[in-house]
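Okay, so here's the structure we're looking at.
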Amino acid sequence: MEIIIQKKVSEAVKTLYGKDIDINHVQVEETRKDFEGDFTIIVYPLIKCSKNTPEKTAEEIGQYLIKNLQGVSGFNVIKGFLNLNIADNWWVKFFKEFSLQGNLFEPCKVKNPETIMVEYSSPNTNKPLHLGHIRNNLLGFSLYHLLKSCGHNAIKTNIVNDRGIHICKSMLAWVKFGNGETPASSGIKGDHLVGKYYVMFENAYKAEVDNLVSKGIDEETARQTAPLMLEARDMLRKWEAGDREVVNIWRMMNKWVYEGFDETYKKLGVDFDRIYYESETYKDGKELVMKALNKGLLYKRDDGSVWADLTGEGLDQKVLLRSDGTAVYITQDIGTAVARQNDYKFDKCIYVVGNEQNYHFQVLKAILKKMGFNWADGLIHFSYGMVELPEGKMKSREGTVVDADDLIEEMIQTAREVSLELGKLEGFTQTEKKEIFRKVGLGALKYFILKVDPKKNMLFNPAESIDFNGNTGPFIQYTYARIKSVMRKAAQNSIVSDPKLLELAIPNAKEINLIKILRRFATVVSEAAKSYNPSLIANYCYELAREFNQYYHDYTILGEKDEIIRNFRLLLSERISYVLNEAMWLLGIEMPERM
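Residues 5 to 599 (the working numbering) are what the sequence shown spells out, left to right.
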């Protein structure tokens, strides 16, 4: 309808004022909820053609559209905004076409699709995934779905941070305190076991630092010279030198972690097209740094360390290789970015990483451009806020994080308790119940996290997320299951819906409103993909589910005696369930057919 209005406004300007205007310069948008109307034309750009006031111009164009555009039933003018009312019969006609549409995402397809890589998860192999990783994975996976649905060649990727001093801390603690413990011998999941030794290192290291400080050594010197830290650094040097014993320990412990990660990813319902490993890409990064140094793009200090001077770019100076030749974190990112560009020739690479790394990605882009990689302009930091708990921030090194596996199980158990308390699952088999508990628990978790604007910090409250009322995943899932129940009853009673009868229906105001919400689906998906904001989808789902439930409360569907009205309501309900299912899929949320 927007395109039709644009063309007709262009025609009106030509007829009324004798001026030609490109339809792309005619601004049409949905009318804001606090004003009357369906579509709004922004008139200010048109007054140069009319040579009149915005109000008078809007009035003249409004009168022209009433006479010449079928479907426009009225209008109102507020300053330089022309708000159009669209007739009910147009909405019915639209719904008939919409009800026959097979692929809901076809209208979302962009004209010029790009190759876009989405990096998410990025775990360290010294600890299990936690609540912060859950938000990261869910945002990245949803963003991939959005971009793919809009026609982009989207690639989902992961970078595993499997080397560095933090990895050596876990390894060293296992060597010193582990007594050969394995996941098999302890019954502890691999990533949890390695995480245990990371915390063990930090506790022992802190004790050493405290001891040195008590002897009069300043804290910073104590942290640098504590025996455990010196041993960890020595282990890192040995690893980079390829020491067989150290490398074997590293491979063994990483294998434990990868097996644990895979289990968690499967529970969470996320996956990747390609996984990169820092232990491989840091070598590429070191080579690139040395080449740039030889070209005079970087400089070396007296201690042998290699630096990038970014002061000309408004940033700072950044070390890329330490004096002992070992690589820092950003060196690996340089190698990974170049490897990915070589592998996929991406137009954009989106890094789903928390906002505490904002400066890091400014530096990364600046260094790559200094090295001559102009495609670095396509690197985008999808900066999201932190997840906090009512108790405060989480700290990995203190072992106070909310473990991802524990949280997933807790959500499923909570879904079980709430469902049984509400008595919604009578007559279901144990297998069916178990699957419903899983879908509802994970749906609650995913929706609660994704409904928040990614840029904002969020407070996660498991109890609120599982509520079957309000802006929650279970509420939307229950709405979907309710409609599916209506569909099953219709089939049992041999009630068949027929789209051909739609144009005979005269919808009421609530039904028209539901059609208007359905029509916005493609617009919301396009906007969510363009702005990298899955919360737009989540809140659209809630609006649609809420409006349907109010409608369901006020009107009967299968009990309606008038066949034309019953047919319309059945088709409307069916299409709403389809849209809810597709929209929640964009969030990685499964919809149970029965609840």
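Built from N, CA and C at the ideal position, the CB exists for glycine as well.
Could you tell me which residues DSSP pairs with residue i in its beta bridges?
i    : result
N80  : N87
C353 : M121, L383
Y303 : W311
G289 : BP columns for G289 are empty, so no partner.
Y281 : V164
I8   : None, per the DSSP bridge assignment.
If you draw a straight line from the alpha carbon of residue i to that of residue j, how long is it in whole angstroms?
i    : j    : result
D566 : N497 : 16 Å
A526 : P111 : 6 Å
A208 : K173 : 11 Å
K271 : L216 : 45 Å
I45  : K55  : 17 Å
Q228 : L240 : 15 Å
A62  : H29  : 16 Å
E564 : R570 : 5 Å
D288 : E267 : 30 Å
E439 : K210 : 45 Å
A331 : D247 : 17 Å
C545 : L584 : 6 Å
P127 : R255 : 16 Å
G264 : R167 : 17 Å
N107 : T335 : 44 Å
M398 : M294 : Legend: pLDDT at M398 = 41, less than 50; position of this residue unreliable, value from coordinates given subsequently. Cα-Cα distance, rounded: 38 Å.
I480 : I593 : 11 Å
Please state the DSSP three-state secondary structure of residue i.
i    : result
F43  : strand
E123 : strand
E402 : In this prediction, E402 has a pLDDT of 47, which is less than 50 and means its spatial position is unreliable; what the coordinates show is noted afterwards. Looking at E402 - three-state DSSP - the assignment turns out to be helix.
K504 : helix
G66  : helix
E392 : strand
T186 : coil
D313 : strand
I411 : Inspection of the sequence shows that residue 411 is occupied by Leu rather than by Ile. L411 falls in the helix class under three-state DSSP.
Q321 : strand
A230 : coil
M375 : coil
A236 : helix
Give me the Cβ distance between residue i and residue j, rounded to the nearest whole Å; I'm assuming they're in contact under 8 Å.
i    : j    : result
F552 : P511 : That belief does not hold up - the Cβ atoms of F552 and P511 are roughly 14 Å apart, past 8 Å.
R344 : M595 : Not confirmed; about 34 Å, so no contact.
G339 : T285 : 4 Å
L143 : P458 : 6 Å
I521 : L574 : The pair is not a contact, with the Cβ atoms about 18 Å apart (cut-off 8 Å).
V203 : A230 : Going by Cβ atoms, the distance from V203 to A230 rounds to 16 Å, so no, they are not a contact pair.
V114 : F85  : About 28 Å separates the two Cβ atoms, so there is no contact after all.
I65  : V13  : 6 Å
S453 : F441 : The amino acid at residue 453 is misidentified as Ser; the sequence shows Ile. Actually they do not touch by this definition, with Cβ atoms about 19 Å apart.
E597 : K488 : 5 Å
Taking the alpha-carbon of residue i as reference, which of the options has the nearest alpha-carbon?
i    : options                : result
K373 : L197, S146, L302, E507 : L302
Q366 : G376, K352, D381       : D381
V250 : R237, Y262, V261       : R237
L548 : G84, P58, M588         : M588
L591 : N543, D328, V213, E282 : N543
Q31  : K23, K11, G22          : K11
Q361 : L518, Y388, D351       : Y388
A91  : S103, G41, L135        : G41
L135 : R524, D409, K520       : D409
I470 : L88, M462, Y482, G358  : Y482
A467 : N473, L446, K504, T418 : T418
Y124 : K131, K100, L88, V164  : V164
D407 : M5, C53, I138          : I138
For a cutoff of 9 Å on Cβ pairs, would you count residue i as touching chain D?
i   : result
N56 : Among the protein chains of the structure shown there is no chain D, as only one such chain exists.
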